[in-house]
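The opening position of the sequence shown corresponds to residue 1 in the UniProt record's numbering, with each subsequent residue numbered one higher.
For glycine and all other residues, C-beta sits at the position ideal for the given N, C-alpha and C.
See structure below.
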Amino acid sequence: MSVAVAPPRASWGEPVRMLFSRTVTLSLVEMQKLRADYTELFTRMAQPVLWLLVFGQIFNRIRAIPTGNLTYLEYLTPGILAQSALFIAIFLGIQIIWDRDAGILTKVMVTPTPRAAIVLAKAFSAGVRGLAPVVVLVPVALLLGVSITVNPLKLLGAAVALMLGAGFFACLSMAIAGVAQTRDRLMGIGQLMTMPLFFASNALYPIDLMPGWLKVISTVNPLTYLVNALRGLLVGAPADLWVDFGVLVVAALVGIVGSASLLGRLVR
1 MSVAVAPPRA
11 SWGEPVRMLF
21 SRTVTLSLVE
31 MQKLRADYTE
41 LFTRMAQPVL
51 WLLVFGQIFN
61 RIRAIPTGNL
71 TYLEYLTPGI
81 LAQSALFIAI
91 FLGIQIIWDR
101 DAGILTKVMV
111 TPTPRAAIVL
121 AKAFSAGVRG
131 LAPVVVLVPV
141 ALLLGVSITV
151 NPLKLLGAAV
161 ALMLGAGFFA
171 CLSMAIAGVA
181 QTRDRLMGIG
191 QLMTMPLFFA
201 SNALYPIDLM
211 PGWLKVISTV
221 NPLTYLVNAL
231 RGLLVGAPAD
241 LWVDFGVLVV
251 AALVGIVGSA
261 SLLGRLVR
């Protein structure tokens, strides 16, 4: 009499280990690319400094925008940090299209590597790039008289917020790449989205000054919550950090799932 043997139950441990190990490996590859060319980091640092030195200085003098107990430079500095993360990450999809054109993406995707690992590694790379302007912008802000916290936990929290924000916008860019298919189309769509995302946030001015329709857009714009978190952590502005980080985490997770599902369109 034969006894039926039940098949072994699938373990969640192995897929999780695979996702983690492949993400770490691909992230190290991305860091090697960054180490090979520091030019991109230096060029990305120039624009936010110009925003602070020119735009910030002028509006700080004319006092045209009400910012409560903060000077306009204190109000603007977190907004410019968030802007830098957006501008750096929103065009990261070009890199993944280049990987497709070079045959790299196809070779990775025929391995057991989860698509989410590819997306996570690119998002991590965008997060690191998003932190680069901090190195120059914060010292410049301090020289201009901006009071930035020295609390290491708050600084760490601000770095996490920046990486989450940059990671979401990188995922958004990769999702667009899956639809656009070409670098030229992605550039056009990215340029079309960047300024509305930036100006429909509280990076430059309070939400209270916006018309009603723009307030609605601002409340669903992840950049608004990134700016809120950075203001609360760096310059002590009122902020609901649980809500801000909750939105950023959910946005990042949705971005990872969405871009991973669209990644296959690039190699068809």
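Item                                                                                               : Value
Residue 132 to residue 28 span [Cα, whole Å]                                                       : 17 Å
With 16 other Cβ atoms within 10 Å as the buried cut-off, status of residue 1                      : Any reading at residue 1 must be qualified, since the residue scores a pLDDT of 47, below 50, and its modelled position is unreliable; the value itself is stated next. It is exposed - the Cβ of residue 1 has fewer than 16 other Cβ atoms within 10 Å.
Opening and closing residue of the alpha helix (DSSP H) in which residue 178 lies                  : 152–180
Backbone CA spacing between residue 242 and residue 195 [nearest angstrom]                         : 27 Å
Rounded straight-line distance, which links the Cα of residue 115 to that of residue 219           : 30 Å
Nearest candidate by alpha-carbon position, reference residue 18, set 106, 197, 30 and 111         : 111
Euclidean distance between Cα positions of residue 203 and residue 53                              : 16 Å
With 16 other Cβ atoms within 10 Å as the buried cut-off, status of residue 213                    : exposed
Cβ-based burial, residue 64 [other Cβ within 10 Å; buried from 16]                                 : exposed
Sufficient close CB pairs (3 or more, under 8 Å) joining the stretch 142–156 to the stretch 92–108 : no
Alpha-carbon to alpha-carbon, residue 67 and residue 122                                           : 36 Å
Where residue 56 sits in the DSSP three-state scheme                                               : helix
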